[in-house]
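Under numbering that gives the first Met the number 0, the first residue of the sequence shown is numbered 0, with each subsequent residue one higher.
Even glycine gets a Cβ: it sits at the ideal position worked out from N, Cα and C.
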Amino acid sequence: MEQGVDIDSISRRLDHTDSQITRDIYLHVTKKLEDQQNERLKEVKIL
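And the structure:
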């Protein structure tokens, strides 16, 4: 995820039937990912 690969692609690669399984097992919000998300949110313009 930190390198831009979406959760569904990771889930398929791991042969999980549902991406929620991948999230529950592997996806821990890392500091880097959290920082990236926060930077994207700063760029959001509300009309």
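Helix, strand or coil: how does DSSP classify residue i here?
i	result
T21	helix
E1	coil
I9	helix
D34	helix
L26	coil
L46	coil
Have a look at residue i and residue j and give me their C-alpha separation to the nearest angstrom.
i	j	result
L26	N37	17 angstroms
Q60	R39	Outside the displayed range of the chain (0 to 46) lies residue 60, so it cannot be described from this structure.
D17	K30	25 angstroms
D34	D7	21 angstroms
K44	L32	21 angstroms
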